[in-house]
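Enquirer: For the sequence shown, UniProt numbering assigns the number 1 to the initial residue and increments by one for each residue that follows.
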Amino acid sequence: MSDFDAGEGRWVSLFSGGKDSSWALYRALESDLDVACLLTVHPSADSYMYHVPATELTGLAAESVGIEHVNVEPADFEAANATDAGAQGDAELEPMERALERLADDLDGGLAGVTAGAIESEFQTSRIQAMADRLGCEVFAPLWQKDPLELGAAMLDAGFEITILQVAAYGLDESWLGRTLDRDALDELAALSEEYGVHPLGEGGEFETFVTDGPHMARAIDLDYEPVWEGDRGRVEITDARLA
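#1: Which first and last residues belong to the alpha helix (DSSP H) in which Q124 is found?
#2: Among the residues of its own chain, which have a CB less than 6 Å from the CB of W176, if the five just before and after it don't count?
#3: Give the C-beta separation of L103 and V72 to the nearest angstrom, bearing in mind that I take them to be a contact with Cβ-Cβ under 8 Å.
#4: State the start and end residues of the unbroken alpha helix (DSSP H) segment that holds S16.
#5: For L201 versus T212, is the C-beta distance shorter than 8 Å?
#6: If I'm right that T115 touches L14 with Cβ under 8 Å, what's the distance once you round it to whole angstroms?
#7: Enumerate in chain order the residues of its own chain whose CB-to-CB distance from Y170 is below 7 Å, with the five nearest sequence positions on each side excluded.
#8: Suppose the cutoff is 7 Å on Cβ atoms and the five residues either side in sequence are ignored; what does the same chain contact list for A54 look like?
#9: May I have the straight-line CA-CA distance separating W144 from W23, to the nearest angstrom?
#10: Tell whether a beta-carbon distance below 8 Å holds between V198 and E208.
#11: Note down, one range per segment and in chain order, each beta strand (DSSP E) of at least 3 residues found wholly within the region 210-240.
#12: May I have a chain-ordered list of the alpha helix (DSSP H) segments no shorter than 4 residues that lie completely inside the region 143-182?
#13: Span of the beta strand (DSSP E) holding N203?
#14: Confirm, please, whether the CB-CB distance from K146 to I119 is below 8 Å.
#15: Should W144 be listed as close to the ligand FAD, given that the test is whether its C-beta is under 7 Å from any heavy atom?
#16: Is DSSP giving V12 helix, strand or coil here?
#17: Determine the direct distance from the alpha carbon of W11 to that of D34, and round the result to whole angstroms.
#18: Pick from A241, E174, E92, G159: whose alpha carbon is nearest that of D232?
#19: Just to confirm the assignment, what range does the beta strand (DSSP E) spanning A61 have?
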């Protein structure tokens with residue numbers, strides 16, 4: 001999905017603030033793609049298609065990156081009485097596609113493509129690719145089918161600072177909430193993958209993250225939070241966030 005002729009037009013980065021979409025954005029900038037804006041979808045509840053935790057922080061991240069930020073708010077989602085996950089995923093994609101159609105009309109040269117942070121999820125990538133085909137644009141997916149431990153190491157080598165916001169998998173306890181995803185954490189996740197099948201980068205929703213600093217960001221983001229543990233899963237409640 002990352003091999004393409006960039007051609008004319010400008011790029012939109014599908015951006016949640018998590019490590020995967022942030023890495024896709026960073027690699028796009030490193031590849032000299034002309035990224036016009038970051039597009040964040042803010043689902044109001046659990047989602048098959050989108051990262052949910054702390055998307056309200058993406059405005060700070062966009063300010064630090066220095067790229068325009070466009071939001072798709074919960075009010076943009078029409079009520080969907082989907083009977084299965086596939087239908088729900090299709091319904092969830094619609095407001096993002098409408099937003100991209102509007103952006104394509106406003107961008108100089110049109111919409112060249114979108115960046116995506118998927119690693120292994122056919123559910124998400126097949127829908128994003130089909131959407132891109134309808135829009136006549138490309139998909140830049142530099143994480144797709146890459147080794148997750150090598151990806152994690154590359155993020156750390158590049159200088160990404162990654163905070164774990166949410167966990168929901170056997171072997172991930174309350175101590176992981178707010179933890180920095182560093183070398184030691186990657187080693188532990190590799191062990192948990194061997195023992196319990198946890199995806200080392202949380203691709204199956206085992207954990208969610210937020211990037212507080214990176215080489216593409218002018219200023220780090222400082223977070224204050226309180227952990228909330230619910231027996232077998234948990235999250236951090238952000239109480240304050242600011243650019244350092």
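Just so it is clear, CB atoms sit at the ideal spot from N, CA and C, and this is done for glycine as well.
Just so it is clear, the structure is predicted and the values come from calculations on it, not from any experiment.
Expert: On the basis of the coordinates in this document:
#1: To locate residue 124, count along the sequence shown from 1; it is residue 124. Residues 122-135.
#2: Within the sequence shown, the letter at position 176 stands for residue 176. By the criterion of a C-beta distance shorter than 6 Å, W176 is surrounded in its chain by I164, V167, once the five residues flanking it on both sides are discounted.
#3: To locate residue 103, count along the sequence shown from 1; it is residue 103. To locate residue 72, count along the sequence shown from 1; it is residue 72. About 11 Å separates the two Cβ atoms, so there is no contact after all.
#4: Residue numbering aside, residue 16 sits at position 16 when the sequence shown is read from its first letter. Careful: S16 lies outside any alpha helix (DSSP H) and carries neither H nor E.
#5: Against the sequence shown, residue 201 aligns to sequence position 201. Against the sequence shown, residue 212 aligns to sequence position 212. By the CB criterion at 8 Å, L201 and T212 fall outside the cutoff.
#6: Start at 1 with the first residue of the sequence shown, and residue 115 comes out as number 115. Start at 1 with the first residue of the sequence shown, and residue 14 comes out as number 14. In this structure, T115 and L14 form a Cβ contact; the two beta carbons are roughly 6 Å apart against a cut-off of 8 Å.
#7: Taking the first residue of the sequence shown as position 1, residue 170 is located at position 170. Within the same chain, Y170 has close Cβ partners Y196.
#8: As a position in the sequence shown, residue 54 is number 54, starting the count at 1. Counting only Cβ-Cβ distances below 7 Å, and skipping sequence neighbours, we find G17, L165, F210, I238.
#9: Position 144 of the sequence shown, counted from the start, is the residue given in the question as residue 144. Position 23 of the sequence shown, counted from the start, is the residue given in the question as residue 23. Those two C-alpha atoms are separated by around 11 Å.
#10: Residue mapping note: residue 198 aligns to position 198 of the sequence shown, counting from 1. Residue mapping note: residue 208 aligns to position 208 of the sequence shown, counting from 1. Taking 8 Å as the cut-off, the Cβ atoms of V198 and E208 do not count as close.
#11: The DSSP assignment places 221-229 as complete runs of the beta strand (DSSP E) inside the region 210-240, in order along the chain (cut-off: 3 residues).
#12: For the region 143-182, whole alpha helix (DSSP H) runs of length 4 or above, ordered along the chain, are 148-158.
#13: Taking the first residue of the sequence shown as 1, we reach residue 203 at position 203. Note on residue identity: the sequence assigns Glu, not Asn, to residue 203. Unbroken run through E203: none, as it is neither H nor E.
#14: Locating residue 119 in the sequence shown gives position 119, counting from the first residue. Locating residue 146 in the sequence shown gives position 146, counting from the first residue. Less than 8 Å divides the Cβ of I119 from the Cβ of K146.
#15: Of ligands this structure carries none, so the ligand FAD is not represented either.
#16: Here residue 12 refers to the residue found at position 12 when the sequence shown is read from its first residue. V12 falls in the strand class under three-state DSSP.
#17: As a working note, residue 34 is residue 34 in the sequence shown. As a working note, residue 11 is residue 11 in the sequence shown. CA-to-CA, the gap between D34 and W11 works out to about 6 Å.
#18: Taking the sequence shown and counting its residues from 1, one reaches residue 232 at position 232. The option with the nearest alpha carbon to D232 is E174.
#19: Walking along the sequence shown from the start, residue 61 turns up at place 61. Here A61 belongs to no beta strand (DSSP E); instead the alpha helix (DSSP H) covers 58-65.
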